[in-house]
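I have placed the structure first, in the form of C-alpha coordinates, so that the comments after it can refer back to it.
Numbering (my numbering), first residue to last: 264 to 389.
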(Lines of atoms letter the chains of each structure in order from A; the text may use other names.)
(Lines give C-alpha, C1' and ligand atoms only; values in the text may rest on other atoms or scores of the structure.)
Protein backbone atom coordinates (compact mmCIF):
# COMPACT_ATOMS: atom_id res chain seq x y z
CA UNK A 264 0.00 0.00 0.00
CA UNK A 265 1.17 3.53 -0.78
CA UNK A 266 -0.20 6.12 1.66
CA UNK A 267 -0.09 9.91 1.61
CA UNK A 268 -0.28 11.52 5.06
CA UNK A 269 -2.42 14.53 5.82
CA UNK A 270 -0.65 17.11 8.00
CA UNK A 271 -2.44 16.26 11.24
CA UNK A 272 -1.79 12.54 10.71
CA UNK A 273 1.94 13.19 10.22
CA UNK A 274 2.14 15.35 13.34
CA UNK A 275 0.18 12.82 15.42
CA UNK A 276 2.51 10.06 14.23
CA UNK A 277 5.65 12.05 15.05
CA UNK A 278 4.30 12.95 18.51
CA UNK A 279 2.96 9.42 19.16
CA UNK A 280 -0.36 11.13 19.83
CA UNK A 281 -3.23 8.86 20.93
CA UNK A 282 -5.53 10.84 18.60
CA UNK A 283 -4.00 8.92 15.68
CA UNK A 284 -6.61 6.34 14.61
CA UNK A 285 -5.53 2.72 15.00
CA UNK A 286 -6.05 1.99 11.29
CA UNK A 287 -3.78 4.89 10.37
CA UNK A 288 -1.15 3.79 12.88
CA UNK A 289 -1.18 0.25 11.44
CA UNK A 290 -0.87 1.51 7.85
CA UNK A 291 2.05 3.80 8.66
CA UNK A 292 3.83 1.12 10.68
CA UNK A 293 3.35 -1.55 8.00
CA UNK A 294 6.83 -2.48 6.77
CA UNK A 295 5.42 -3.21 3.31
CA UNK A 296 3.79 0.23 3.00
CA UNK A 297 5.30 3.20 1.25
CA UNK A 298 4.57 6.26 3.39
CA UNK A 299 4.64 9.58 1.56
CA UNK A 300 4.61 13.18 2.78
CA UNK A 301 3.81 15.93 0.30
CA UNK A 302 5.80 19.11 -0.08
CA UNK A 303 2.42 20.78 0.54
CA UNK A 304 2.42 19.32 4.06
CA UNK A 305 5.93 20.63 4.79
CA UNK A 306 4.87 24.00 3.42
CA UNK A 307 1.71 24.08 5.56
CA UNK A 308 3.68 23.14 8.67
CA UNK A 309 6.31 25.82 8.00
CA UNK A 310 3.69 28.54 7.46
CA UNK A 311 1.62 27.66 10.52
CA UNK A 312 4.68 27.17 12.70
CA UNK A 313 6.09 30.57 11.70
CA UNK A 314 2.73 32.15 12.55
CA UNK A 315 2.78 30.51 15.99
CA UNK A 316 -0.32 28.45 15.20
CA UNK A 317 1.32 25.02 15.24
CA UNK A 318 3.75 23.06 17.35
CA UNK A 319 5.91 20.94 15.06
CA UNK A 320 9.44 19.57 15.02
CA UNK A 321 12.19 22.00 14.08
CA UNK A 322 13.93 19.17 12.25
CA UNK A 323 11.03 18.00 10.08
CA UNK A 324 13.21 16.70 7.25
CA UNK A 325 15.29 14.69 9.72
CA UNK A 326 12.09 13.30 11.27
CA UNK A 327 10.81 12.25 7.84
CA UNK A 328 14.13 10.59 7.09
CA UNK A 329 14.25 8.84 10.48
CA UNK A 330 10.83 7.35 9.76
CA UNK A 331 11.81 6.35 6.20
CA UNK A 332 9.01 8.48 4.76
CA UNK A 333 9.23 9.44 1.09
CA UNK A 334 8.54 12.99 -0.01
CA UNK A 335 6.42 14.05 -2.95
CA UNK A 336 7.08 17.23 -4.91
CA UNK A 337 4.27 19.38 -6.23
CA UNK A 338 4.10 19.29 -10.02
CA UNK A 339 2.28 21.60 -12.40
CA UNK A 340 -0.09 18.71 -13.15
CA UNK A 341 -0.88 18.37 -9.43
CA UNK A 342 -1.54 22.11 -9.22
CA UNK A 343 -3.90 22.05 -12.20
CA UNK A 344 -5.73 19.02 -10.80
CA UNK A 345 -6.09 20.69 -7.39
CA UNK A 346 -7.49 23.82 -9.00
CA UNK A 347 -9.99 21.80 -11.02
CA UNK A 348 -11.43 19.92 -8.03
CA UNK A 349 -15.03 20.63 -7.06
CA UNK A 350 -15.24 23.36 -4.41
CA UNK A 351 -16.21 21.03 -1.55
CA UNK A 352 -13.13 22.11 0.37
CA UNK A 353 -11.46 25.53 0.38
CA UNK A 354 -8.16 24.67 2.08
CA UNK A 355 -5.49 24.80 -0.67
CA UNK A 356 -3.16 22.41 1.15
CA UNK A 357 -5.88 19.80 1.52
CA UNK A 358 -6.97 20.25 -2.09
CA UNK A 359 -3.36 19.60 -3.15
CA UNK A 360 -3.20 16.42 -1.10
CA UNK A 361 -6.44 15.19 -2.66
CA UNK A 362 -5.13 15.94 -6.16
CA UNK A 363 -1.81 14.25 -5.44
CA UNK A 364 -3.39 11.15 -3.93
CA UNK A 365 -5.65 10.80 -6.95
CA UNK A 366 -2.90 11.43 -9.52
CA UNK A 367 -0.33 9.17 -7.85
CA UNK A 368 -2.88 6.45 -6.93
CA UNK A 369 -2.24 6.64 -3.21
CA UNK A 370 -4.49 6.21 -0.22
CA UNK A 371 -4.90 9.51 1.62
CA UNK A 372 -4.68 9.12 5.39
CA UNK A 373 -6.83 11.75 7.08
CA UNK A 374 -9.69 12.21 9.50
CA UNK A 375 -10.94 15.33 7.71
CA UNK A 376 -14.65 14.65 7.14
CA UNK A 377 -14.74 16.90 4.06
CA UNK A 378 -12.50 14.53 2.10
CA UNK A 379 -15.33 12.01 1.62
CA UNK A 380 -16.90 14.38 -0.92
CA UNK A 381 -14.03 13.65 -3.32
CA UNK A 382 -13.25 10.60 -5.38
CA UNK A 383 -10.16 9.63 -3.39
CA UNK A 384 -9.19 6.46 -1.54
CA UNK A 385 -9.25 7.27 2.19
CA UNK A 386 -7.99 5.69 5.35
CA UNK A 387 -9.54 5.35 7.83
CA UNK A 388 -12.45 4.49 5.58
CA UNK A 389 -15.74 6.18 6.32
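Quick reminder that beta carbons are idealized off the backbone N, C-alpha and C, glycines included.
Following the continuous alpha helix (DSSP H) through residue 304, name the residue where it begins and the one where it ends. 302 to 313
Would you call the segment 336 to 344 and the segment 291 to 307 touching, i.e. three or more CB-CB distances under 8 Å? yes
Boundaries of the alpha helix (DSSP H) in which residue 323 is found, first to last residue: 323 to 329
Would you mind sorting residue 357 into buried or exposed? The rule is 16 or more other CB atoms within 10 Å of its CB. buried
Which of the three DSSP states is assigned to residue 268 in this structure? strand
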